[in-house]
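Trainee: Quick one: the structure is below, questions incoming.
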Amino acid sequence: MPDQPDPGIWAKFSKLPWPYPLACHMLDTAAIAGALWDQHLGEGQRQQIAAGFGTPLDETRHMIMFWAGLHDIGKCCPHFAGQPSGPKPKLLNEPDFAAPAGWMHEEPIRHERVSHLVVPALLTRYGYPAGLRPSRSVAHQVGQILGGHHGRYGLALDRATMADPGKAEPRVGTAPGWTGQRDALADTLFDACGRPSPPAHMAPTGTAVIVTGLIVLADWLASQTDWLLAQGEQWYTTTDDDHAAHYARAPKTAAGHVQAAQLNTASWEPAPTFHHAFPHITAPHPLQTDLAARLPDLAKGPGLLLVTAPTGDGKTESALYGARIMGHASGRTGLALLLPTMATTDAMWLRTRDYTAASTLTDTPVTLVHSMAWLNTDYDNTTDILTDNCTSTFAGDWIRGRHRPLLSPVTVGTWDQGTIATLPTRYSAMRWLAMSGKTIIIDEAHAYDAFGHALTVRLLEWLGHLGAPVILLSATLARSIAQRLVDAYRTGAGHTTPSTTTPAYPGWVYTDALTGKTTASDTIPTTRARTLTIDLIGARHTHDLTDTTGRASALDRLLAPLYDVTADSGAALLVCNTVPDAQSTYRQLTARTGTRSPRILLLHARMPVWQRDEITRNLLTVLGPKTTRPTTPVILISTQLAEQSLDIDADLVISDLAPLAQLLQRAGRGHRHELGTRGTRPAWAPTPRLAILNHTGQLPPRAWGDVYDPALLRRTQDLLTTRNSAPIHVPADIATIIETVYADLNELADQALADDEHRAAREAADTATGNARTIPTPAAVTDLYPLTTYDGDEDDLVTRLGADSLRLLPTYTTPNGQPYLDAACTRPLPTPPPGHDRLDRHTVAALVRLTVACPSTYLPADDPHTKPPANWSHTPIARDLRLLPHPTTAGTPQPYTASSHTLYLDPELGIVRTPVTPRR
Numbered sequence: 009m010p011d012q013p014d015p016g017i018w019a020k021f022s023k024l025p026w027p028y029p030l031a032c033h034m035l036d037t038a039a040i041a042g043a044l045w046d047q048h049l050g051e052g053q054r055q056q057i058a059a060g061f062g063t064p065l066d067e068t069r070h071m072i073m074f075w076a077g078l079h080d081i082g083k084c085c086p087h088f089a090g091q092p093s094g095p096k097p098k099l100l101n102e103p104d105f106a107a108p109a110g111w112m113h114e115e116p117i118r119h120e121r122v123s124h125l126v127v128p129a130l131l132t133r134y135g136y137p138a139g140l141r142p143s144r145s146v147a148h149q150v151g152q153i154l155g156g157h158h159g160r161y162g163l164a165l166d167r168a169t170m171a172d173p174g175k176a177e178p179r180v181g182t183a184p185g186w187t188g189q190r191d192a193l194a195d196t197l198f199d200a201c202g203r204p205s206p207p208a209h210m211a212p213t214g215t216a217v218i219v220t221g222l223i224v225l226a227d228w229l230a231s232q233t234d235w236l237l238a239q240g241e242q243w244y245t246t247t248d249d250d251h252a253a254h255y256a257r258a259p260k261t262a263a264g265h266v267q268a269a270q271l272n273t274a275s276w277e278p279a280p281t282f283h284h285a286f287p288h289i290t291a292p293h294p295l296q297t298d299l300a301a302r303l304p305d306l307a308k309g310p311g312l313l314l315v316t317a318p319t320g321d322g323k324t325e326s327a328l329y330g331a332r333i334m335g336h337a338s339g340r341t342g343l344a345l346l347l348p349t350m351a352t353t354d355a356m357w358l359r360t361r362d363y364t365a366a367s368t369l370t371d372t373p374v375t376l377v378h379s380m381a382w383l384n385t386d387y388d389n390t391t392d393i394l395t396d397n398c399t400s401t402f403a404g405d406w407i408r409g410r411h412r413p414l415l416s417p418v419t420v421g422t423w424d425q426g427t428i429a430t431l432p433t434r435y436s437a438m439r440w441l442a443m444s445g446k447t448i449i450i451d452e453a454h455a456y457d458a459f460g461h462a463l464t465v466r467l468l469e470w471l472g473h474l475g476a477p478v479i480l481l482s483a484t485l486a487r488s489i490a491q492r493l494v495d496a497y498r499t500g501a502g503h504t505t506p507s508t509t510t511p512a513y514p515g516w517v518y519t520d521a522l523t524g525k526t527t528a529s530d531t532i533p534t535t536r537a538r539t540l541t542i543d544l545i546g547a548r549h550t551h552d553l554t555d556t557t558g559r560a561s562a563l564d565r566l567l568a569p570l571y572d573v574t575a576d577s578g579a580a581l582l583v584c585n586t587v588p589d590a591q592s593t594y595r596q597l598t599a600r601t602g603t604r605s606p607r608i609l610l611l612h613a614r615m616p617v618w619q620r621d622e623i624t625r626n627l628l629t630v631l632g633p634k635t636t637r638p639t640t641p642v643i644l645i646s647t648q649l650a651e652q653s654l655d656i657d658a659d660l661v662i663s664d665l666a667p668l669a670q671l672l673q674r675a676g677r678g679h680r681h682e683l684g685t686r687g688t689r690p691a692w693a694p695t696p697r698l699a700i701l702n703h704t705g706q707l708p709p710r711a712w713g714d715v716y717d718p719a720l721l722r723r724t725q726d727l728l729t730t731r732n733s734a735p736i737h738v739p740a741d742i743a744t745i746i747e748t749v750y751a752d753l754n755e756l757a758d759q760a761l762a763d764d765e766h767r768a769a770r771e772a773a774d775t776a777t778g779n780a781r782t783i784p785t786p787a788a789v790t791d792l793y794p795l796t797t798y799d800g801d802e803d804d805l806v807t808r809l810g811a812d813s814l815r816l817l818p819t820y821t822t823p824n825g826q827p828y829l830d831a832a833c834t835r836p837l838p839t840p841p842p843g844h845d846r847l848d849r850h851t852v853a854a855l856v857r858l859t860v861a862c863p864s865t866y867l868p869a870d871d872p873h874t875k876p877p878a879n880w881s882h883t884p885i886a887r888d889l890r891l892l893p894h895p896t897t898a899g900t901p902q903p904y905t906a907s908s909h910t911l912y913l914d915p916e917l918g919i920v921r922t923p924v925t926p927r928r
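Last residue of the sequence shown? That's 928 in this note's numbering, and every number before it is there in order.
In C-alpha cells form, the structure reads like this:
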C-alpha cells in the first residue's frame, strides 16, 4: 500500500494549464473549511455542531476539516480519472489501476456517489464504529453528507454495501491501486487535520444539513480558478510532492480567501438601548419601548418573537432591535428579512442597507434576493456609496452568484427565498446553512394562503430545530394562526406540548427555544390610535353609468370633489379586485369631465416591468411619505398591489368588497403619514375613511372568479353590515373583528354555514398539498435522502398556488413574419453577438423590462409563434420567455388570438384580455 498520494490522481483540469492533484484539492478544502469555521459560522452554529456530534468544540473544528477534505475522495476511481476530457494520467495503464471488466460496469458513476459509497468503510480506519445499521451509523451519516456535496443526497446504503462497497459497486475501483490511493489520500488528510477523534454519536438532522452546507461552501471556494492557479503554481514550482508543505501554505491564504468572498460574520455596534440602535428616533413608540425594556431579560438563547401591531407602530425598528438582542443571545449575528412581494423587498433592502451601514463595525454586504433582483438599478450599481461613520454594504459578484446571496451576513429577500428550503430542492443545505446563522424576520406573516401557511409552518419547525432566532410581524394575524406558527417553532425546538399564550393587540409573544417557555406582553398602548370611518355602499357589479345602483355610479358620486374646481385638492386610492375591473374603471374615470381634470394613474400586475417601475416612482414623488401634497387632484386606480407594495398616502380610500384583512391593509394607505408642513387634508376627507363598494348580488360576482374565498367575503360583509357601518377604532377593535371573520371553524363548528365548510375543505386540501410537497419534519428524518429528491430546476418549484408562471414578451410581427420589439417595427429581436451562443446580460435585462407576468392559461402551450427564438436557447431567463405576437400592418398592431380570448398590450391599460364568444 503506498504511503503517499500519487499526484497523477487529479481533481481539477478545466481552464488550468496542468491537472491539479486530488490530494492538494482535498487539503485545500480542509483548510478553507477551517477558515469558514472561524470566520463564517457564528458561535451558536459552532456550539450546535459540537453538541450535535458530542465532541469538544476545538476537536469538532478539526473533525469538520477532515470530513470536508474527504468530500472528493470519490474522484479516486476509474471513471473520473479516465474521463475523455481529463488529462489521462499514465497510471491508468498500470494493472494496479485497472477498471472493472464487463459491459455492465461501463456506465459512468458520479464521483460524489463514490464518496458516499467508500467513506463509511474508510472511516473505520480512524476509530469510527463498524457493523452498525446505516440509520445508527455516524460513519454512514458522514458518507451521506459527503455524497451530497453536489447538492443532492444519495440513497442510504445497506449494511453489506457499507462493509464492502467494492463488492456491491465495482465501479468505485477495487484494484489495489485505487484502494491503496484512497487510503493514502485519507491518511494524508487525517494527519494534516490533527488526527481528530470520531464523533460520539450521530447528529440531529439539522446539524448534518448545516455541515453539508459548510462542506459544499468550502468546496466551492477551493474550486475557484484563481485559487487553483495560485496554489497550483506553488505546487508545480516546488516539484517536491510535499503534501505537508502544501497544506502548511493553504491556511495562510484561506482566511483571506473567505474574507474576499464576503463570507465573514456580521459585527454590530454595541446597542445597549433602543436609542443606541436608532439615535434618530427621539420618541420611540410604546411597542419599541416595551420590547427594549423586557426582551433582553427573556432572550438567553434562540427563540421566537411574534409582534402584532397596526401599521405605523414601529414594527420594523422593533424587529431590527429585537434581532440585535436575539442574535447576540443565540450566537448567530446574521440578519435576514423576508417579505411578501418583490416591491416591498426592494424598499426594505434600501432601509436595511442604510441601517447596516450605520450599525456595523466592519464592511458588511447586504444582498437583495429575489428572481428580479438583478434588474434593481440600485443593487446592480457596481460602486458603493460611502458616507461618514458608515461601513460598506456593497455585495460583490461572488456573493451574488447562484445559491449564494442568502449566505451574505445581511440579506433581504422575498418570503419564498426562505420557504423554498422546505421543498426537496438541490442545494437546499445552502439555504439552511445561511438561515441557521441569522435572525430571520418574516414580515406580513398573515399574507399567505393555506398552502403558503403550510410552508411557513414547516420553515418554522426547521428553524426551531436549527436554533435560529425568528421574528414574525403582522398587522392582522388571527389568533389560531398565531398559535400554529408559535407552536411550529416550539415543536421544531423539541417542545411538543401546545402553547396556550396568545398575543395581545398591539403586543408581542416570546418563546424560548431552550425551555419552551412562552411570555406575552400586556396590551401595549399606541400613539397612533385612530378612528376609521366606514362607508358601506351597496353597488351592483356593473360599469354601466346609467345604472344608478351600480358600481360605476357609486364611484361617480364618491369622486365628484376631485372633478370640482371649487373643492379642495386631494388624492384618492381606488383598489379593485381584478385587473379587468381596474382597466374598466380607468376608462370610466378618464372619460369623465368636470370643472377640473384630476391626474389619473393606473397600476396593476399586468403591465410591463418598466411601466410598473415608472408609475411607482412617479407615485412616490406625488404621494410619498416625504412629498408636499399635490395641488392637482390625483386618483390612483390599482389592485392588490396597493395593499403591501406602495408606501403612499391617500386622503380617501375606496375599495371593492374584499376579506377583512385585505380591507384593513388597503385602508392603511389612507392618512398614512403625518403631514406636518407638507400640506393639509381636503375638507371632503379630513379624517381616515374607507368607502367599500359592497356588492349586492351573488358573492363573489362572476367577474371576480376565485380571487377571494366566498366564505371570507360573506363573513366580512356580515360583519360590516351587523356593525351598521360603525367606525373601526384602530387598534382597539382589530383583534375582535379579525377573530369574527377568521375564526377557527373547529372552534365554531355549530355556527358554520355551507360556504364555511367549503372554505375549510379547500384550506385543508391546500394544507395537505403543502405538507405533501415539503420535506419531512426534522424529528421524522434520519436518512438525508428525502431532503433533496426533486431533480428539476428549483425555479420551476411553486411556493404559491395559482401564482403567475409565464413571463410574456410582447412582440410585433410584420406580414412576412418578422418579429420586432416595438409597434413601429424598427427594433428586431436581439441575437447573440458574433462568436457567442448567449445574449449578453444587459440585453436580457432590457428584454425582461419589457415583459409582463401572466398566468399560464393566457397562452396555448403548443403555439410555435409564442416560442422564443432558437438562438436564445442557451441564454438563461431569455429561453424561458414566451412571445405575445401582435400581427402588425402599417404600424397598427392587432390582438393575439387564442382559442378562448384575445390578448393585447395597450400602452395605458397593460395586457387586455378579451373573451372570445365561440362560434356555434
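Yeah, the Cβ is synthetic: ideal placement off N, Cα and C, and Gly gets one too.
Mapping DSSP to helix, strand and coil, what is residue 133?
Mentor: The answer is helix: DSSP assigns residue 133 an H, G or I state.
Trainee: Run through DSSP, which three-state label would residue 544 get?
Mentor: Strand, per DSSP.
Trainee: To the nearest angstrom, how far is it from the Cα of residue 484 to the Cα of residue 918?
Mentor: So the two alpha carbons sit approximately 32 angstroms from each other.
Trainee: Within 10 angstroms of the Cβ of residue 519, are there 16 or more other Cβ atoms? Answer buried if so, exposed if not.
Mentor: That one is buried.
Trainee: Using alpha carbons as the reference points, say which of 222, 410, 29 lies closest to residue 247.
Mentor: Checking every option, the nearest Cα to that of residue 247 belongs to 29.
Trainee: Considering only C-alpha positions, which residue in the set 277, 231, 255, 296 is nearest to residue 269?
Mentor: Residue 269 has its Cα closest to that of 231, out of 277, 231, 255, 296.
Trainee: Spatial neighbours of residue 619 within its chain, please: CB distance less than 8 angstroms, with the 5 preceding and 5 following residues excluded, ordered by chain position.
Mentor: Contacts found: 918.
Trainee: Taking the alpha carbon of residue 603 as the reference point, which residue from 579, 572, 628 has its own alpha carbon closest?
Mentor: Considering only alpha carbons, the answer is 572.
Trainee: Once you ignore the five residues that flank residue 831 on each side, which residues in its own chain have a CB closer than 7 angstroms to its CB?
Mentor: Only 820, 896, 899, 901 meet the Cβ criterion.
Trainee: Could you tell me the distance, in whole angstroms, from the CA atom of residue 70 to the CA atom of residue 79?
Mentor: Approximately 15 angstroms between the Cα atoms of the pair.
Trainee: List the endpoints of the continuous alpha helix (DSSP H) containing residue 447.
Mentor: Careful: residue 447 lies outside any alpha helix (DSSP H), inside the beta strand (DSSP E) at 446-450.
Trainee: With a cut-off of 8 angstroms, do at least 3 Cβ pairs link the stretch 700-719 to the stretch 782-797?
Mentor: Contact between the stretch 700-719 and the stretch 782-797 is absent, because fewer than three Cβ pairs lie under 8 angstroms.
Trainee: Can you tell which of 223, 315, 363 has its C-alpha closest to the C-alpha of residue 279?
Mentor: That would be 363, whose Cα lies nearest to the Cα of residue 279.
Trainee: Tell me which same chain residues have a C-beta within less than 7 angstroms of the C-beta of residue 636, skipping the five on either side of it?
Mentor: So the list reads 686, 687, once near-sequence residues are dropped.
Trainee: Under the three-state reduction of DSSP, which class applies to residue 6: helix, strand or coil?
Mentor: For residue 6 there is no data in the structure shown, the boundaries of the chain being 9 and 928.
Trainee: What's the gap between the Cα of residue 9 and the Cα of residue 183?
Mentor: The pLDDT assigned to residue 9 is 46, lower than 50, so where the model puts this residue is not dependable; a value taken from the coordinates is nonetheless given after this. Between residue 9 and residue 183, the C-alpha separation is close to 12 angstroms.
Trainee: What residue range is occupied by the uninterrupted alpha helix (DSSP H) comprising residue 428?
Mentor: Element bounds for residue 428: n/a, residue is neither H nor E.
Trainee: Within the same chain, show all residues whose beta-carbon is closer than 7 angstroms to that of residue 327, passing over the 5 residues directly before and after it, in chain order.
Mentor: Hits under 7 angstroms: 315, 449, 479, 481.
Trainee: With distance defined between alpha-carbon atoms, name the residue in 680, 293, 153, 276 nearest to residue 373.
Mentor: Looking at the Cα atoms, 276 is the closest of the given residues.
Trainee: Could you check what DSSP says for residue 32 in three-state terms: helix, strand or coil?
Mentor: Looking at residue 32 - three-state DSSP - the assignment turns out to be helix.
Trainee: Who are the near neighbours of residue 562 in its chain, counting only those whose CB is closer than 7 angstroms to its CB and skipping five residues on each side?
Mentor: Result list for residue 562: 545, 547, 701, in chain order.
Trainee: Can you give the Cα-Cα distance for residue 290 and residue 332, rounded to whole angstroms?
Mentor: When rounded, the distance between both Cα atoms is 19 angstroms.
Trainee: State buried or exposed for residue 924, treating a residue as buried only when at least 16 other CB atoms are found within 10 Å of its CB.
Mentor: With fewer than 16 other Cβ atoms within 10 Å, it is exposed.
Trainee: Report the partner residues of residue 520 according to the DSSP bridge assignment.
Mentor: Bridge partners of residue 520: 311.
Trainee: For the alpha helix (DSSP H) that contains residue 748, what are its first and last residues?
Mentor: Taken as a continuous stretch (DSSP letters only), the alpha helix (DSSP H) holding residue 748 covers 742-750.
Trainee: Roughly how many angstroms lie between the CA atoms of residue 873 and residue 470, to the nearest whole one?
Mentor: Distance between the alpha carbons of residue 873 and residue 470: 45 angstroms.
Trainee: Taking 8 angstroms as the threshold (C-beta atoms), are residue 378 and residue 350 in contact?
Mentor: Result yes, Cβ atoms of residue 350 and residue 378 sit closer than 8 angstroms.
Trainee: What residues are listed by DSSP as bridge partners for residue 909?
Mentor: Answer by DSSP bridge pairing, in chain order: 923.
Trainee: Have a look at the DSSP bridge pairing and note the partners of residue 48.
Mentor: For residue 48, which the question treats as bridged, DSSP gives no partner whatsoever.
Trainee: Between residue 550 and residue 536, which are expected to be in contact by the criterion C-beta below 8 angstroms, what is the C-beta distance as a whole number of angstroms?
Mentor: Residue 550 to residue 536, Cβ: 38 angstroms. No contact.
Trainee: What does a CB cutoff of less than 8 angstroms around residue 826 pick up in its chain, not counting 5 residues either side in sequence?
Mentor: Excluding sequence neighbours, residue 826 sits near 833, 836.
Trainee: Residue 276 by DSSP, collapsed to three states: which one?
Mentor: Residue state, collapsed to three classes: strand.
Trainee: Tell me the DSSP secondary structure of residue 489 in three-state form.
Mentor: Residue state, collapsed to three classes: helix.
Trainee: So, for residue 522: in the same chain, excluding its five sequence neighbours on each side, which residues have a beta-carbon less than 6 angstroms away from its beta-carbon?
Mentor: Only 309 meet the Cβ criterion.
Trainee: Please go through the stretch 837-890 and give each complete alpha helix (DSSP H) segment of 4 or more residues, from N-terminal end onward.
Mentor: Qualifying alpha helix (DSSP H) stretches, in chain order: 849-857.
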